[in-house]
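So the sequence shown is residues 1421 to 1929, counted in our numbering.
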Amino acid sequence: MEAGETVFKHPTVVRLLEACKPLWALSYARNLMSWDTATYMPPGGAAERGLASAEIMKLSRRLILDPSLEKLVEEAESRIDELNVYERGVVRVLRREIKYAKAVTDELLARMARVSSEGLQAWRSAKEKERFDVWKPWLDEVISIARELAERLGYDEHPYDALLDIFEEGLRRSYVEKVFSNLIPRLKKLVEKVLADEFYPRRHPLEGAGYEKASMEKLLRRLLTILGYDWSRGRLDESPHPFTMPIAWGDVRITVRYEGYDPRRPILGAIHEFGHALYDQQIDRRLALTPIGSAAGLGIHESQSRLWELMVGQSYWFIRAVKHLLERYVPVFRDYDWLEVYRYFNLVRPSLVRVEADELTYHMHVYLRYRIEEMMVRGEIRASDVPELWDRMMEELLGVRPRKPSEGVLQDIHWAECYVGYFPTYTLGTLLAARIFKRFTREVEDGLEKLEKLDFTVLREWLREKIHRWGSTFPPRELAEKAVGGYAEPDDFLEYAEWKYLRLPGELV
Ligand code: MG
């Protein structure tokens, strides 16, 4: 990129971008603060960090609701035919932000803030004490907030549409419903076959194997370098819940968690976060500092993390190719051949906890949450109905029943943080990942051969060109249609899963 080169030329958009710079700076500050909160902040800093963050949020809100900003957006909308795709993207994203800021009143904002401070504490203590009743009133409050938010945002068909749209622009309940009603029964049959076949084991001795944290970190750094993480614009740290934080174009950080046993977990966790980070690192530099300089949505973001985690990290060819590295840093891998390590990386078993689920049963966990959310938002159930419904659905879907709330309704932080409408993006992202990977192997003739030699340049560049560089110029579904001719479809994932779980074992042994 040449210095000073820009894709934004229309005078109205240029003025709009100038007006948005302080918003960008505030979000930069909040991202850096939340990264720090999750990594190195001393515990004593929590209360003031919360206050500072809330003040910054108020300031952002004031700026986004400034009538002069909306006037500029209106002016740009009235001249939309004169704008290029990037400029249109800016106008679309700002219109969304203004709409959201208007819908969330001060009163609603204060209620949401209470949920994510006091309510979150109640959730933590409820989980620790195994007592759902401690958190129950807060879940009722979360449902009530979600319903009011949906009403205020507006929707055509279903209040849940308004909430889905917050996380993945344009996503609708009817689409999610169609996906799950097709996917879940077919997946259930597949899981039964895989469990009967036993090539992919339910348990493995390596799950209990320990590792040295320092040595594991060295391994992760080697693997991230091989995959192509740009260390000059990123870093690797530790946090209780792994995440990726895009602070700015030149600063995209990831974290992992070291539990000290079950070595595949930090390895796959790091590869997952790499997929997220690569998306942010490969957004066109010319979009930095603008409202379209970040990813298009959470579903499409998850497609990137899942592609690298599942289609690369858990593949037989990747495990075979990095086996010597695994051994060097985690000596217990020397006791097993690569195929056995591959099987360990791909256990399949019905389980209770979503974040520990395999790539097949995982979607049952997501479906259950979607169904419960959708019923809550429709007003069909209250918080007190959720534990029983949860346990019953677990039994129906996976044949397992939680023994305590921490293995059931209290396991996820999402509702406790007032996120309703987020869960479906996990499944949609995975389905889209399968489509994207299939498309890559078809379009790039020697693509798979290159990957098998651990040459990831061609895959990275292909993803940059098709998806990453655009930031949020287009809404997620439009972007996916342009890039890979469609969005998240069960067929793409099932085709991949049936090949991997039913046909591949015959070729490998
Ligand atoms: Mg993720």
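Note that CB positions come from ideal geometry on N, CA and C, so glycine has one too.
Bridge partners of Asp1657 according to DSSP: Thr1675.
DSSP places Ile1667 within a strand segment (E or B) once states are collapsed to three. For Ser1659, the distance from the CB to the nearest heavy atom of ligand 1 is not below 7 Å. For Glu1538, the closest of Val1562, Lys1522, Arg1516, Tyr1520 by C-alpha to C-alpha distance is Val1562. Taking 7 Å as the cut-off, the C-beta of Ser1725 counts as close to a heavy atom of ligand 1. Counting only unbroken stretches of 4 or more residues, the alpha helix (DSSP H) elements lying wholly within the stretch 1446 to 1508 are 1466 to 1484, 1487 to 1498, in sequence order. Rounded to the nearest whole angstrom, the C-alpha separation of Pro1751 and Gly1926 is 29 Å. Within the chosen limit of 7 Å, ligand 1 reaches the beta carbon of His1696 through at least one heavy atom. Approximately 13 Å separates the beta-carbon atoms of Leu1698 and Ala1853; this is outside 8 Å, ruling out the contact. Counting along the chain, the unbroken alpha helix (DSSP H) around Lys1549 starts and ends at 1540 to 1549.
A check of alpha carbon separations from Arg1673 across Asp1700, Leu1688, Gly1841, Ile1687 identifies Asp1700 as the nearest.
Within 10 angstroms of the beta-carbon of Asn1504 lie fewer than 16 other beta-carbons, which makes it exposed. Pairing Ala1546 with Lys1556, the inter-Cα distance amounts to about 9 Å. Cβ neighbours of Leu1489 within its own chain (closer than 6 Å, five residues either side excluded): Ala1439.
When DSSP states are grouped into helix, strand and coil, Gly1689 belongs to the helix group. Taking the Cα of His1692 as reference, the smallest distance to any Cα among Thr1664, Ala1634, Ile1703, Lys1549 is reached at Thr1664. With respect to the C-alpha of Gly1891, the residue from Asp1704, Trp1558, Tyr1575 having the closest C-alpha is Asp1704. By alpha-carbon distance to Leu1709, the top candidate from Ala1445, Val1599, Arg1469 is Ala1445. If the five residues before and after Glu1588 are omitted, its C-beta is found closer than 6 Å to the C-beta atoms of Gly1717, Leu1718, Gly1719, Thr1845, Pro1896, all from its own chain and listed in chain order. Counting along the chain, no alpha helix (DSSP H) covers Lys1429, and no H or E run does either. Placement of the Cβ of Glu1722 at a distance of less than 7 Å from at least one heavy atom of ligand 1 is found. Inclusion of Leu1883 and Gln1702 in the CB contact set at 8 Å is warranted, their separation being smaller than that value. Taking C-alpha positions only, Ala1917 is separated from Gly1713 by approximately 34 Å. For the pair Val1611 and Arg1469, the Cα-to-Cα distance works out to about 45 Å.
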